[in-house]
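Worksheet: the structure to be examined is printed underneath.
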Amino acid sequence: MRTIYLDNNATTQIADEVREAMMPFLTDLWGNPSSMHTFGGQVKKYVEIAREQVAALIGANDPQEITFTSCGSESNNLAIRGGAEAMDKPPHIITSKVEHAAVSGPCHYLEDRGFRLTKLDVDEKGRLDLDVLRREVKTGKTLTSIMWANNETGVIFPVGLIGEIVHEFGGIFHADAVQAVGKIPMKVSELPIDLLSLSGHKIHAPKGIGALYIRRGTQVKPLILGGHQERGRRAGTENVPYIVGLGVACNLAKKNMEEENTRVKALRDRLEKGILETCSGSHVNGDLTCRLPNTTNISFDYIEGEAILLMLDDRGICASTGSACASGSLEPSHVLRAMHVAGVSVHGSIRFSLSKYNTEEDVDAVLTELPKVVKRLRELSPFVA
Ligand code: PLP
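The sequence shown begins at 0 in numbering that gives the first Met the number 0 and counts up one residue at a time.
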């Protein structure tokens with residue numbers, strides 16, 4: 000059975016170009032970039048090329064503003080914990096109710112240690128109220144962490160406006176751009192963003208590599224102490240093959256973003272339209288006007304998202320749901336709950352997230368199978384008359 004992979008916000012296929020670029024560093028070029036000798040030292044220049052490639056994709060002025068990490072979660076932890084702990088006085092931490100756990104986790108960690116934490120509401124389309132943000136940042140120095148794009152709905156946040164408000168009152172702004180990087184063009188040097196997280200495995204590099212943009216002049220305390228790698232911001236011998244892979248993935252994303260996103264968006268729109276037309280009681284969650292080009296989050300009223308997923312899985316189709324099945328109870332997505340999605344819809348939501356590797360045939364397969372799955376589950380649902 001062919002696998003139809005529509006879960007690219009969870010992780011992506013490694014691009015051939017990325018894998019090929021990494022191979023020499025897993026075979027012959029295995030030296031330590033910090034070594035004095037030529038054998039190790041020759042590797043260092045490839046780390047620096049990758050740093051330039053990452054900086055170029057996000058539009059940073061200076062490659063030295065890029066610190067390599069092990070993943071998006073580490074980047075977020077370094078930004079939030081490291082950023083807060085480097086400020087003169089413990090800042091007021093501001094975030095939203097729809098963040099990934101890799102942001103809410105470090106925010107709660109700081110709250111447990113006495114920092115004041117405010118989590119902002121979103122409206123029914125998943126958007127922030129900027130007047131409420133302004134009211135909160137006025138209260139003193141803040142470290143504000145808001146995602147650039149939501150992983151479940153694809154809703155894009157106005158990071159330029161958010162950063163302006165935060166800066167007006169002397170705060171620091173961190174953007175979790177793990178889902179936005181490579182999907183929308185960005186020039187961080189021209190935006191009021193101090194810290195920005197990204198992750199390799201969302202853009203066709205391997206899992207286990209990420210980066211944090213730290214604007215020149217922004218202070219961050221390292222989380223990992225030891226050697227002086229990454230200008231003292233993250234100790235540990237550099238993961239050279241993965242760093243090289245991330246660089247190449249960034250380069251590919253920059254080169255092909257416009258063309259690929261136009262194609263991916265057309266596929267996403269055809270999938271979404273087809274689902275809404277063929278599955279009764281279905282509707283899209285989130286702000287349709289300001290969304291990532293690859294993501295759609297659709298609720299199917301009165302049925303369970305997990306049941307849909309399992310039946311799609313039987314047919315070789317991979318998608319995901321925001322719900323987590325924890326200790327026998329089905330917890331609905333915190334993102335959809337924050338958006339006040341109705342009870343009959345919140346349990347039946349499915350996220351389809353596409354990539355450049357998807358095809359028209361993938362969309363056709365979902366449009367053939369999904370209506371049958373939904374119809375069958377509706378017949379079994381005790382909630383439908
Ligand atoms: N932030 C967002 C918005 C994400 O979607 C994810 C992963 O899904 C992360 C952070 C964590 O990234 P990583 O898996 O690289 O730790």
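Using N, Cα and C, we set each Cβ at its ideal position, and we do this for glycine too.
Assignment of beta-bridge partners to SER69 by DSSP yields no partner. Residues close to ligand 1 by the beta carbon criterion (under 5 Å to any non-hydrogen atom) are, from first to last along the chain, CYS70, GLY71, SER72, HIS99, ALA101, ASN150, ASP175, VAL177, GLN178 and SER198.
Excluding five sequence positions before and after ALA179, the CB atoms of its chain that fall closer than 6 Å to its own CB belong to TRP147 and ALA148, given in chain order. Beyond the five residues adjoining it in sequence on each side, ARG50 comes within less than 7 Å, by CB distance, of PRO62 and ILE65 in the same chain, given in chain order.
Take the alpha-carbon of PRO205 and the one of VAL239: they are about 12 Å apart. A distance below 6 Å between beta-carbons, with the five flanking residues on each side excluded, links THR143 to the following residues of its chain, in chain order: ILE93, VAL165, GLY170 and PHE172. The region 189-203 makes contact with the region 245-255; the number of CB pairs closer than 8 Å reaches 3 or more.
The beta carbon of THR152 sits closer than 6 Å to those of GLY125, ASN284, GLY285 and ASN296, all from its chain and outside the five residues before and after it, given in chain order. Unbroken alpha helix (DSSP H) runs of no fewer than 4 residues, entirely contained in the region 31-69, are found at 37-57, following chain order.
Closest by C-alpha distance to LEU308, out of GLU73, VAL177 and LYS371, is LYS371. With 16 or more neighbouring CB atoms inside 10 Å of its own CB, GLY209 falls in the buried class. For secondary structure counted as the alpha helix (DSSP H) over 4 or more consecutive residues, the region 239-309 holds these complete runs in sequence order: 239-277. A contact is defined here as three or more CB-CB pairs under 8 Å, and the region 184-194 meets this definition with respect to the region 156-163.
Closest in alpha carbon position to SER72, among MET86, GLY280, LYS43 and PRO105, is PRO105.
Counting along the chain, MET21 sits inside the alpha helix (DSSP H) bounded by residues 15-25.
The beta carbon of CYS249 sits closer than 6 Å to those of GLN52, VAL53 and LEU56, all from its chain and outside the five residues before and after it, given in chain order. Going by DSSP, TYR108 is part of the alpha helix (DSSP H) stretching over 100-111. The criterion of a C-beta distance shorter than 8 Å is satisfied by SER298 and SER281. ALA341 and LYS220 have their C-alpha atoms spaced approximately 42 Å apart. Listed as beta-bridge partners of PHE351 by DSSP are THR295. Put simply, of GLU110, SER95 and LEU287 the residue whose alpha carbon is nearest the alpha carbon of GLU84 is GLU110.
Secondary structure note for ALA78: it is in no alpha helix (DSSP H), with a DSSP letter that is neither H nor E. SER348 and GLU271 have their C-alpha atoms some 13 Å from each other. The three-state reading of DSSP puts ASP130 in helix, counting H, G and I together.
When rounded, the separation of the alpha-carbon atoms in THR11 and ARG267 is 16 Å.
For the options VAL154, LYS182, SER196 and ASN8, the alpha carbon positioned closest to that of ALA174 is the one of SER196.
GLY209: member of the beta strand (DSSP E) spanning 209-213, first to last residue.
For a cut-off of 8 Å, the C-beta gap from LYS96 to ASP120 is around 6 Å, short enough to register as a contact. Nearest C-alpha to ASN60 among ARG215, ASP15, SER332 and GLU229: ARG215. For ILE3, the closest C-alpha among the options PRO381, GLU378 and LEU369 is that of LEU369.
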